[in-house]
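**Student:** In this note's numbering, the protein residues as written are 7 to 340.
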Ligand code: NAD
Ligand code: UDP
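1. Among all the DSSP beta bridges, which residues are the ones paired with residue 99?
2. Nearest to residue 179 by alpha carbon, out of 282, 85 and 310?
3. Is it true that the CB of residue 78 sits closer than 9 angstroms to the CB of residue 103?
4. Check this for me: beta carbons of residue 150 and residue 294, under 9 angstroms apart or not?
5. Using the C-alpha atoms, what's the distance from residue 273 back to residue 290?
6. Let me make sure I understand the geometry here. Which of 148, 66, 60 and 43 has the alpha-carbon closest to that of residue 97?
7. I'd like to know whether the C-beta atoms of residue 169 and residue 296 end up nearer to each other than 9 angstroms.
8. Which same chain residues, not among the five before or five after residue 32, have their C-beta less than 8 angstroms away from its C-beta?
9. Go to residue 199, then tell me how far its beta strand (DSSP E) extends in each direction, as first and last residue.
10. For residue 163, I'd like the list of residues in its chain whose CB is within less than 6 angstroms of its CB, leaving aside the five on either flank, ordered along the chain.
11. Does the Cβ-Cβ distance between residue 263 and residue 245 come in under 9 angstroms?
12. Only counting the same chain, and skipping five residues up and downstream in sequence, which positions put a Cβ closer than 8 angstroms to that of residue 93?
13. The ligand UDP and residue 5: does any heavy atom of the ligand fall closer than 8 angstroms to the residue's C-beta?
14. Tell whether a beta-carbon distance below 9 angstroms holds between residue 268 and residue 239.
15. Does the ligand UDP have even one heavy atom less than 8 angstroms from the beta-carbon of residue 107?
16. Quick one: give me the first and last residue of the alpha helix (DSSP H) that residue 282 is part of.
17. Between residue 327 and residue 205, how many whole angstroms is the CB-CB distance? I'm expecting something under 8 angstroms.
18. Hey, residue 199 and residue 121: beta-carbon distance below 9 angstroms or not?
19. Just the Cα atoms here: how many angstroms apart are residue 189 and residue 125?
20. Within a Cβ cutoff of 7 angstroms, which residues of the same chain sit near residue 227, ignoring the five residues on either side of it in sequence?
21. Taking the beta strand (DSSP E) that residue 57 falls in, what are its first and last residues?
22. Would you mind stating whether residue 128 and residue 192 have Cβ atoms separated by less than 9 angstroms?
23. Which residue's Cα is closest to the Cα of residue 335: 323, 208, 235 and 279?
24. Between residue 88 and residue 283, what straight-line distance do the alpha-carbon atoms span, to the nearest angstrom?
25. Quick check: the Cα distance between residue 95 and residue 76, rounded to an integer number of angstroms?
26. Where are the beta strand (DSSP E) runs, 3 residues long or more, that stay fully inside the stretch 240-328, in chain order?
27. Between residue 82 and residue 177, what straight-line distance do the alpha-carbon atoms span, to the nearest angstrom?
Next comes the structure, spelled out in structure tokens:
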């Protein structure tokens, strides 16, 4: 980490949008969301340096980008530092285990990338005079007592519960980003991402949608936790990435909810996936994880007003595309 007394001297005047180098660093760029972001940025003519240690992501997610002249991959743990030569206009900090199954297995790594990793990503943005985008999460709201959740809600998080390693890492990273903005004048934004799904999720990442689709395609029972009446609001990845890039290229600091308000109970989601796959699978009810939030829905009035953004894909369309992806994966590995 940089000696923070020296940082004031290093801060460059933030580039105007026109003068900004069209080159982005994406930490966690080989993950599910990160790989879609890399692809989207390259499509807009922005070169991308993907920094990833492949902890929960994979080279397969970015294999189709390797031939692109503007794409570079650096294998590195951002908790240990980030060195990127040359000009950088944007730093997008997406590195972190994100599925509950992953972060419960990797508690220290999750806290480390959210704390040390965020320091390093912010320092890089300060040194380069880049705009910074933090991938925060709806989990900062914990098990919410306000519904839907506006950005002004402070949340209900258990710091010493099992999910605390993720939720508190993200809450710390939001506080740190805010402090860099205030202290160093960093042009930084915070996105609060709600449950996003789509192609390139790992079938075994443990989240509800990949679990249900994989189980339905294999004809196994779908494992609904608890009574399945808990809800999530699910956003198709292309919509999420459009919203994130709109925030990145705006001057807005956030925090800003980026998600789809389309809310569904986990039991209805399981039934819908059985329908869409045409599966004969049944539903079984397994124990509910500790501190599992009961409800979740983004209030997206701010994103809609400030960015003119709203999701475009219906739940049925998004889930069908995701089912098609998982089916093709199964066929290619058969
Ligand atoms: P993912 O696990 O697919 O991607 C995370 C990527 O970060 C992986 O490629 C992993 O290898 C990399 N990584 C982890 N620790 C690292 C480290 N120390 N150094 C370098 N790379 C590291 O998860 P995702 O769903 O794509 O989530 C990406 C980001 O978005 C995360 O920060 C997550 O918290 C946030 N987010 C995602 C969702 C969602 O629904 N997918 C919701 C809210 C927030
Ligand atoms: N869930 C479920 N069956 C599964 C996996 C998850 O019923 O096989 C439930 C989980 O308990 C939670 C919801 O689905 O209530 C969403 O879980 P996920 O891990 O996808 O996302 P998060 O909890 O991080 O929002």
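Just so you know, even glycine gets a beta-carbon here, dropped at the ideal spot from N, CA and C.
**Tutor:** Quick look at the numbers:
1. 33 and 140, per the DSSP bridge assignment.
2. Nearest C-alpha to residue 179 among 282, 85 and 310: 85.
3. It is not a contact, given that the beta carbons lie outside the stated cut-off.
4. Their beta carbons are not under 9 angstroms apart, which means residue 150 does not touch residue 294 by this criterion.
5. If you take the alpha carbons of residue 290 and residue 273, they lie about 10 angstroms apart.
6. When the alpha-carbon of residue 97 is set against those of 148, 66, 60 and 43, the nearest one is in 43.
7. Yes, the Cβ-Cβ distance between residue 169 and residue 296 is below 9 angstroms.
8. Excluding sequence neighbours, residue 32 sits near 40, 43, 44, 47, 54, 55, 56, 57, 98 and 100.
9. 194-199 is the span of the beta strand (DSSP E), which, as asked, contains residue 199.
10. Apart from the 5 residues on each side of it in sequence, residue 163 sits with its Cβ closer than 6 angstroms to the Cβ of 148 and 173 in its chain, given in chain order.
11. The answer is no: Cβ separation not under 9 angstroms.
12. Only 27, 29 and 134 meet the Cβ criterion.
13. In the structure as shown, the chain starts at 7 and stops at 340, and residue 5 therefore has no counterpart that could be examined.
14. Yes.
15. For residue 107, the CB falls within less than 8 angstroms of some heavy atom of the ligand UDP.
16. From DSSP, the alpha helix (DSSP H) with residue 282 extends over 272-283.
17. Sure, about 7 angstroms apart at Cβ, within 8 angstroms.
18. Between residue 199 and residue 121, the CB-CB gap reaches or exceeds 9 angstroms.
19. Each residue's alpha carbon lies about 13 angstroms from the other.
20. Taken in chain order, the residues that qualify are 221, 287, 288, 289 and 290.
21. Note, residue 57: beta strand (DSSP E), 53-58.
22. Yes.
23. Cα-wise, what sits closest to residue 335 is 208.
24. Straight-line spacing of the CA atoms in residue 88 and residue 283 works out to 43 angstroms.
25. Residue 95 and residue 76 have their C-alpha atoms roughly 14 angstroms apart.
26. Fully enclosed beta strand (DSSP E) runs of 3 or longer: 262-264, 269-271 and 289-292.
27. About 24 angstroms.
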